[in-house]
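>
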Amino acid sequence: MTQAMLQTKLGYQQDWLIKCGPVRLRVPRRVVGVNVLLLSLLAMVILCSLLLGEFPITVGQVVGALFGKADRAHLILVNDIRLPRVITGLITGFGLGLAGTMIQTLARNRLATPEVLGINEGATLAIIVAITISSSQLFGVWWVAPVGSALTAALLILLGGGRVGSQGYRLLIIGLGLTALLRSLNELIISRQNLMHASALYSWSLGSLATGNETVNLPVSVGLLVMLPVCLLCSRWLNLMRFEEEIAIPLGLPSRGSRLLVVCCVVVVAGLSVGAAGPIAFVALAAPILASRLIGPAHVPMLTSAWTGCVLVLAADTLGRLIAYPHELPVGVVCSVLGGPFLLWVVLRQPAGR
Amino acid sequence: MQLQVNDLHASYSANTPILKGVNMTADPGQVTIIVGPNGCGKSTLLRCIARLHRPERGTVMLDSENVWKIKPRQAAHRLSLLPQSPMAPEGMTVANLVQFGRHPHQGLFQQWSDQDQQAVTEALELTHLADLAHRRLDQLSGGQRQRCWLAMTLAQQTPLMLLDEPTSMLDLGHQVEVLNLVRKIASAGDRAFVIVLHDLIAAAQYADQLVTMRDGEIVCSGAPKEILTPELIRELYDVDVRILTSPDNQTPIIVAKQEQLV
Numbered sequence: 007m008t009q010a011m012l013q014t015k016l017g018y019q020q021d022w023l024i025k026c027g028p029v030r031l032r033v034p035r036r037v038v039g040v041n042v043l044l045l046s047l048l049a050m051v052i053l054c055s056l057l058l059g060e061f062p063i064t065v066g067q068v069v070g071a072l073f074g075k076a077d078r079a080h081l082i083l084v085n086d087i088r089l090p091r092v093i094t095g096l097i098t099g100f101g102l103g104l105a106g107t108m109i110q111t112l113a114r115n116r117l118a119t120p121e122v123l124g125i126n127e128g129a130t131l132a133i134i135v136a137i138t139i140s141s142s143q144l145f146g147v148w149w150v151a152p153v154g155s156a157l158t159a160a161l162l163i164l165l166g167g168g169r170v171g172s173q174g175y176r177l178l179i180i181g182l183g184l185t186a187l188l189r190s191l192n193e194l195i196i197s198r199q200n201l202m203h204a205s206a207l208y209s210w211s212l213g214s215l216a217t218g219n220e221t222v223n224l225p226v227s228v229g230l231l232v233m234l235p236v237c238l239l240c241s242r243w244l245n246l247m248r249f250e251e252e253i254a255i256p257l258g259l260p261s262r263g264s265r266l267l268v269v270c271c272v273v274v275v276a277g278l279s280v281g282a283a284g285p286i287a288f289v290a291l292a293a294p295i296l297a298s299r300l301i302g303p304a305h306v307p308m309l310t311s312a313w314t315g316c317v318l319v320l321a322a323d324t325l326g327r328l329i330a331y332p333h334e335l336p337v338g339v340v341c342s343v344l345g346g347p348f349l350l351w352v353v354l355r356q357p358a359g360r
Numbered sequence: 225m226q227l228q229v230n231d232l233h234a235s236y237s238a239n240t241p242i243l244k245g246v247n248m249t250a251d252p253g254q255v256t257i258i259v260g261p262n263g264c265g266k267s268t269l270l271r272c273i274a275r276l277h278r279p280e281r282g283t284v285m286l287d288s289e290n291v292w293k294i295k296p297r298q299a300a301h302r303l304s305l306l307p308q309s310p311m312a313p314e315g316m317t318v319a320n321l322v323q324f325g326r327h328p329h330q331g332l333f334q335q336w337s338d339q340d341q342q343a344v345t346e347a348l349e350l351t352h353l354a355d356l357a358h359r360r361l362d363q364l365s366g367g368q369r370q371r372c373w374l375a376m377t378l379a380q381q382t383p384l385m386l387l388d389e390p391t392s393m394l395d396l397g398h399q400v401e402v403l404n405l406v407r408k409i410a411s412a413g414d415r416a417f418v419i420v421l422h423d424l425i426a427a428a429q430y431a432d433q434l435v436t437m438r439d440g441e442i443v444c445s446g447a448p449k450e451i452l453t454p455e456l457i458r459e460l461y462d463v464d465v466r467i468l469t470s471p472d473n474q475t476p477i478i479v480a481k482q483e484q485l486v
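For the record, the sequence lines run as chains A and B. Position 112 of the first sequence, counted from 1, bears residue number 118 in my numbering, the numbering being contiguous throughout. Position 251 of the second sequence, counted from 1, bears residue number 475 in my numbering, the numbering being contiguous throughout.
1. According to DSSP, is G359 of chain A part of a helix, a strand, or is it coil?
2. With a threshold of 9 Å between beta-carbons, can A10 of chain A be considered close to chain B, or not?
3. V29 of chain A touches chain B at which residues, Cβ-Cβ below 8 Å?
4. Pull up the distance between the alpha-carbon of S235 of chain B and that of V284 of chain B, whole angstroms please.
5. According to DSSP, simplified to helix, strand and coil, what is A480 of chain B?
6. Tell me the DSSP bridge mates of H233 of chain B?
7. For H352 of chain B, count neighbouring C-beta atoms within 10 Å of its own C-beta (all shown protein chains included) and say buried if the count is 16 or more, exposed if not.
8. I'd like the list of long-range same chain contacts for L403 of chain B, defined as Cβ closer than 7 Å, with 5 residues on each side in sequence excluded.
9. Could you have a look at W313 of chain A and say whether DSSP puts it in helix, strand or coil?
10. Grab me the residues of Q9 of chain A's own chain with a C-beta within less than 7 Å of its C-beta, minus the 5 sequence neighbours each way, in chain order.
11. List the endpoints of the continuous beta strand (DSSP E) containing Q335 of chain B.
12. Return yes when the Cβ of P454 of chain B is within less than 9 Å of the Cβ of V465 of chain B, no when it is not.
13. Between P225 of chain A and chain B, is any beta-carbon pair separated by less than 9 Å?
14. At a CB-CB cut-off below 7 Å, which residues of chain A make contact with R297 of chain B?
15. Between Q330 of chain B and chain A, is any beta-carbon pair separated by less than 9 Å?
16. Run through DSSP, which three-state label would M7 of chain A get?
17. Along the stretch 450-476 of chain B, where does the CB come closer than 7 Å to a CB of chain A? Name the residues.
18. Determine which residues of the stretch 282-310 of chain A have a Cβ less than 8 Å from any Cβ of chain B, and write them out in chain order.
19. Assuming I195 of chain A contacts T138 of chain A under a Cβ cut-off of 8 Å, what Cβ separation, rounded to an integer in Å, is found between them?
20. Is the distance from the Cβ of P260 of chain A to the Cβ of K295 of chain B below 9 Å?
21. Work out the CA separation of A410 of chain B and G282 of chain B for me, nearest whole Å.
22. At what residues does the beta strand (DSSP E) containing I258 of chain B begin and finish?
23. At 9 Å on the CB atoms, spell out the chain B contacts of F249 of chain A, in chain order.
24. Could you have a look at L58 of chain A and say whether DSSP puts it in helix, strand or coil?
25. Between A:T98, A:A292, A:V51, A:L23, which lies nearest to T119 of chain A when the distance is taken from Cα to Cα?
26. The alpha helix (DSSP H) with A416 of chain B in it runs from where to where?
27. Could you tell me the distance, in whole angstroms, from the CA atom of H333 of chain A to the CA atom of A254 of chain A?
28. Would you decide whether V29 of chain A is buried or exposed? Buried here means 16 or more other CB atoms lie within 10 Å of its CB.
29. Would you list the one or two residues that DSSP bridges to V318 of chain B?
30. Kindly identify the DSSP beta-bridge partner or partners of E289 of chain B.
31. So, do the stretch 120-134 of chain A and the stretch 304-311 of chain A have three or more beta carbon pairs nearer to each other than 8 Å?
32. Give me whichever residues DSSP pairs with V435 of chain B in a beta bridge.
33. My output table needs one value for T469 of chain B: the three-state DSSP class, helix, strand or coil.
34. Compute the distance between the beta-carbons of P336 of chain A and W210 of chain A, then report whether it is under 9 Å.
35. Take I467 of chain B as the anchor and find which of B:K481, B:C272, B:L227, B:N473 has the nearest alpha-carbon.
36. Would a C-beta distance cut-off of 9 Å place R78 of chain A and L56 of chain A closer than the cut-off?
Written out as structure tokens, the structure is:
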């Protein structure tokens, strides 16, 4: 068999090999194609999100406003009301997609997501407690969310016997218990507030982009930008973590260090997302699964999953604003409604015995 | 690269030692096969060598390096493991899997070299998988899948290869094929093989060095022809056997004695 024939069979010819000095990158065409498609879709969703709403506005006016060339009303509507909300949606979706794909891979279980393991709920509790104690505004305390998620993760690992991964099932059960416990604590605290305060807190605790604004968006996006290269550094390890230890360690996975770093990334990224928009359900579950279907089984989707998360959050938010007009459904509620059937699909699709 | 195991002690819980001071060596170009009854610690020994289970005492040396003291990635350049009944992530193809063998040789910015290409191609050809390279693993038979995992460990191109019961899922034809392949690679190059095997006949036929274990200790080791006696087998497995010799190459063949039922 000749070399050329083998190359076709192995699928190397579907991959681009970029050589530049000592750097040799192998870029699968499928991944590039999928990402281009996803980003175009994302651009469309962003545009829809800016266009649709109570006050109709044309594409030309939106573009004009983004470049500062529009009348005052449109400038305020696009740049001060709708754009911050879109940005909050983008960073939240990005964070949830990224954190979801990492923790699912680490636990080797599709159902292990920050919301199922209680990490999101812990971040929510931290914020709710901070707000009630300091009586500050909802968007003033975004930074306690990663602290809450870190504490929850530490508790989770402690209860799990000091180890993460390699026993995905046990971790899931403990996580489910933690989630229920933290959720009830959240509701208990909310129920002690006066009606107006409680209603705002409650809608936020379901996950909502309505509070999105620059004071939160800026620090959270900076945080995510700092975490992104660290997460991408983990991607080689994550590729190995899909195998059992018996395969991964002899292939060079530093088992303890790599797990710890991945958990830290997940905790910070998921915590930042919650800090921006509350614990939005379903995105961290769905985005990695969809992304993985799109790019195929050769790699763990990282950026692909993050873009998918962006699309899901923004689409759900836009839907939530339109579906019950003139009221709006929090994005978390829309996601939960869509997430139920999706979860069933994930569970039922798996062949028995796996 | 020579493997040297010195006074290895290991256990899973405090009061039940699995390995009680194991000493063994494996030389390059040779096939070392470990046999012994179930639960004698042979898989644990392999796990200790492959850095999966940390021994309590003793050392595992590759030439002059302790495998437990070098970096994971360096270790992956020196030894590879084919575990018992491994599982692959859903949907992977044969080519996807075999390429993972090159993982320790790659980096964040060195994702595919000519050596990677060559090693994968060679591994696929040696295991006769080139025609199946694009197929999904879950569509293959158990025997074909086992050859894929073997190809992955071959692509890793390590001087020491550890195989944990590589033939347990295979029919006779594929068993012979896999062991012949191992024999061929071992005698051709300077790779050392350490294999755990249940099949005594195959072990006697393919081993340069046979290591026999019982209750976490080495009973004896050496060339199969020299060490295999009915007394040794009795000591290992508590059964009475006869030892015949193969008409082909005079290797010992072990058959259980017919038990008197009355």
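All C-beta atoms in this analysis are idealised placements derived from N, C-alpha and C, irrespective of residue type, glycine included. Quantities reported herein were computed from a predicted structural model and do not represent experimental measurements.
So, to answer that:
1. Here residue 359 of chain A is taken as the residue at index 353 of the first sequence, counted from 1. Below a pLDDT of 50, predicted positions are generally treated as unreliable, and G359 of chain A, at 41, falls in that range; the measurement from the model is reported next regardless. Of the three classes helix, strand and coil, the one that applies to G359 of chain A here is coil, per DSSP.
2. One-based indexing of the first sequence puts residue 10 of chain A at position 4. The pLDDT assigned to A10 of chain A is 48, lower than 50, so where the model puts this residue is not dependable; a value taken from the coordinates is nonetheless given after this. No - not a single Cβ of chain B is within 9 Å of the one on A10 of chain A.
3. Position 23 of the first sequence holds residue 29 of chain A. In chain order: F333, Q334.
4. One-based indexing of the second sequence puts residue 235 of chain B at position 11. One-based indexing of the second sequence puts residue 284 of chain B at position 60. Using only the alpha carbons, I get a separation of about 16 Å.
5. Counting from 1 along the second sequence, the entry for residue 480 of chain B is found at position 256. If DSSP states are grouped into helix, strand and coil, A480 of chain B belongs with the strands.
6. As a position in the second sequence, residue 233 of chain B is number 9, starting the count at 1. H233 of chain B pairs with B:K244, B:R281.
7. Here the question's residue 352 of chain B lines up with position 128 in the second sequence. Its Cβ having fewer than 16 others within 10 Å, H352 of chain B is exposed.
8. Position 179 of the second sequence holds residue 403 of chain B. The residues are T391, A426, Y430.
9. Numbered from 1 along the first sequence, position 307 holds the residue referred to as residue 313 of chain A. Three-state DSSP puts W313 of chain A in a helix.
10. Looking up residue 9 of chain A in the first sequence gives position 3. Confidence in Q9 of chain A is poor, its pLDDT being 47 and thus under 50, which makes the residue's placement too unreliable to answer from.
11. If you number the second sequence from 1, residue 335 of chain B lands on position 111. Unbroken run through Q335 of chain B: none, as it is neither H nor E.
12. The sequence position of residue 465 of chain B within the second sequence is 241, counting from 1. The sequence position of residue 454 of chain B within the second sequence is 230, counting from 1. Closer than 9 Å, so yes.
13. The residue given as residue 225 of chain A occupies position 219 in the first sequence. So no, P225 of chain A is outside the interface.
14. The residue you call residue 297 of chain B lines up with position 73 of the second sequence. Correct list: G258.
15. Counting from 1 along the second sequence, the entry for residue 330 of chain B is found at position 106. With 9 Å as the cut-off, Q330 of chain B counts as an interface residue toward chain A.
16. Against the first sequence, residue 7 of chain A aligns to sequence position 1. Because M7 of chain A sits at a pLDDT of 40, beneath the cut-off of 50, its placement in the model cannot be relied upon, and the following sentence gives the value as read from the coordinates. Looking at M7 of chain A - three-state DSSP - the assignment turns out to be coil, as it is neither helix nor strand.
17. none
18. G302, P303, A304
19. If you number the first sequence from 1, residue 195 of chain A lands on position 189. If you number the first sequence from 1, residue 138 of chain A lands on position 132. Right, their Cβ atoms sit about 6 Å apart.
20. Here the question's residue 260 of chain A lines up with position 254 in the first sequence. Here the question's residue 295 of chain B lines up with position 71 in the second sequence. Taking 9 Å as the Cβ cut-off, P260 of chain A and K295 of chain B qualify as a contacting pair.
21. In the second sequence, residue 282 of chain B corresponds to position 58, counting from 1. In the second sequence, residue 410 of chain B corresponds to position 186, counting from 1. If you take the alpha carbons of G282 of chain B and A410 of chain B, they lie about 27 Å apart.
22. Your numbering for residue 258 of chain B matches position 34 in the second sequence. Unbroken beta strand (DSSP E) run through I258 of chain B: 255-259.
23. Taking the first sequence and counting its residues from 1, one reaches residue 249 of chain A at position 243. Residues of chain B passing the Cβ test: P310, M311, A312, P313, F324.
24. Counting from one through the first sequence, the residue named residue 58 of chain A turns up at place 52. Coil at L58 of chain A, not helix or strand.
25. Along the first sequence, one-based indexing puts residue 119 of chain A at 113. When only C-alpha atoms are compared, the closest one is A:A292.
26. Here residue 416 of chain B corresponds to residue number 192 of the second sequence, with the count starting at 1. Note, A416 of chain B: premise wrong, no alpha helix (DSSP H); beta strand (DSSP E) at 416-420.
27. If you number the first sequence from 1, residue 333 of chain A lands on position 327. If you number the first sequence from 1, residue 254 of chain A lands on position 248. The straight-line gap from Cα to Cα measures roughly 51 Å.
28. Translated into the one-based positions of the first sequence, residue 29 of chain A becomes position 23. Classification of V29 of chain A: exposed, given that the 10 Å Cβ count is below 16.
29. Along the second sequence, read from residue 1 onward, the residue named residue 318 of chain B stands at position 94. Answer is none; V318 of chain B lacks a bridge partner.
30. Taking the first residue of the second sequence as position 1, residue 289 of chain B is located at position 65. According to DSSP, E289 of chain B bridges with B:L286.
31. no
32. In the second sequence, residue 435 of chain B corresponds to position 211, counting from 1. The partner list for V435 of chain B (beta bridge, DSSP) reads B:I258, B:S445.
33. Counting from one through the second sequence, the residue named residue 469 of chain B turns up at place 245. Of the three classes helix, strand and coil, the one that applies to T469 of chain B here is strand, per DSSP.
34. Working through the first sequence from its first residue, we reach residue 336 of chain A at position 330. Working through the first sequence from its first residue, we reach residue 210 of chain A at position 204. In this structure, W210 of chain A lies closer than 9 Å to P336 of chain A by Cβ.
35. Locating residue 467 of chain B in the second sequence gives position 243, counting from the first residue. When each option's Cα is compared against that of I467 of chain B, the closest is B:K481.
36. Sequence index remark: in the first sequence, residue 78 of chain A carries index 72 (1-based). Sequence index remark: in the first sequence, residue 56 of chain A carries index 50 (1-based). Their beta carbons are not under 9 Å apart, which means R78 of chain A does not touch L56 of chain A by this criterion.
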